[in-house]
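Below is one structure, written out as structure tokens; the observations come after it.
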Ligand SMILES: Nc1ncnc2c1ncn2[C@@H]1O[C@H](COP(=O)(O)OP(=O)(O)O)[C@@H](O)[C@H]1O
Ligand SMILES: [Mg+2]
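Okay, here's the thing in structure tokens:
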């Protein structure tokens, strides 16, 4: 692989995308540089709309957002239809998590708009707080990791997920529905969460977000830190949530292959802007995506 003269130097400190030998690792800087070249053919708003079948459920228009005074996302656009899934890939620090944070109300929004809803009934949620997003706009954010309380039981963790419900009884009722669906959680309901396997823990993290019965799931790196067999399990759960329960999913995934195989729509994010957008399966075939993110 030809990646430029500074490869050897960079590869030492690279957190690369490839699992092969050091020779095949390319650095985040290299990936960013190459992807910026690709970004010269960035998708138009029309392309973005077409991918959402011109019927978006979540729509982000010309978003500028970041932390404090620092702008991370520049003129960012996103559209995803109801019951569709969208996966963001891209180098470390590109702003993928910042997109999810912005949708959920964790960032400073300088300009632009986030709207959710069907057809003409969209609601402007740009300025809602995270609690309002969860309780009133049907958006749930599934934390990347370590959001489970290990000393609490599985069922107590689920009830916590419903803390914004009107009454604790409603949270418990929603938790029962989840136990009906996921017997592996039901079997462990009285056990402290610390005894769960990695896969079960991730299932609990996802389930806890489901207690609020959201329509839109924001999922940050669901496969991170999991053994391969659990990675497949997590994607099966997400597939079921999308295709059987009709949830709309916006995810970030470092495992670009898994993420793009799963998602209807894929975006490659570089330096806070969309460099490439297409159907997930098409991006898998894209040579530039393959070279930079799929280790091919
Ligand atoms: N809470 C924060 N406060 C300030 N800067 C942040 C914060 N979170 C992320 N950043 C910065 O925003 C940029 C984008 O980060 P992030 O969205 O986490 O990237 P990605 O998820 O693509 O790896 C990075 O430069 C990062 O250092
Ligand atoms: Mg991230």
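Numbering (this note's numbering), first residue to last: 327 to 622.
C-beta atoms are modelled at their ideal positions from N, C-alpha and C, and glycine is treated no differently.
Item, Value
"Helix, strand or coil: which one does DSSP assign to residue 348?", "Legend: pLDDT at residue 348 = 48, less than 50; position of this residue unreliable, value from coordinates given subsequently. It is helical."
"To the nearest angstrom, how far is it from the Cα of residue 608 to the Cα of residue 373?", "14 Å"
"Identify whether residue 552 lies in helix, strand or coil by the three-state DSSP scheme.", "coil"
"Starting from the N-terminal end, write out each residue whose C-beta falls within a distance shorter than 5 Å of any non-hydrogen atom of ligand 1.", "393, 398, 418, 419, 420, 421, 422, 423, 424"
"Anyone know if the C-beta pair for residue 357 and residue 618 falls short of 8 Å?", "yes"
"Pick helix, strand or coil for residue 437, following the three-state DSSP scheme.", "strand"
"Count the other CB atoms, across all protein chains shown, that sit within 10 Å of the CB of residue 395; report buried if there are 16 or more and exposed otherwise.", "exposed"
"Please find out if some non-hydrogen atom of ligand 2 comes closer than 7 Å to the beta-carbon of residue 545.", "no"
"CB of residue 480 to nearest heavy atom of ligand 2: below 7 Å?", "no"
"Do residue 519 and residue 486 have their C-beta atoms closer together than 8 Å?", "no"
"For residue 610, which residues of its own chain have a beta-carbon under 6 Å away from its beta-carbon, when the five flanking residues on both sides are left out?", "586"
"DSSP three-state call for residue 367: helix, strand or coil?", "helix"
"Using the three-state DSSP reduction, which class does residue 397 fall into: helix, strand or coil?", "strand"
"Are at least three pairs of beta-carbons, each pair with one atom in the stretch 449 to 464 and one in the stretch 526 to 545, less than 8 Å apart?", "yes"
"Is DSSP giving residue 475 helix, strand or coil here?", "coil"
"Given this structure, state the Cα-to-Cα distance separating residue 535 from residue 475, to the nearest angstrom.", "14 Å"
"CB-CB under 8 Å to residue 507, same chain, minus the five flanking residues each way: which ones, in chain order?", "none"
"Leaving aside the five residues before and after residue 533 along the sequence, list all residues of the same chain whose C-beta is less than 8 Å from its C-beta, in chain order.", "484, 487, 504, 508, 511"
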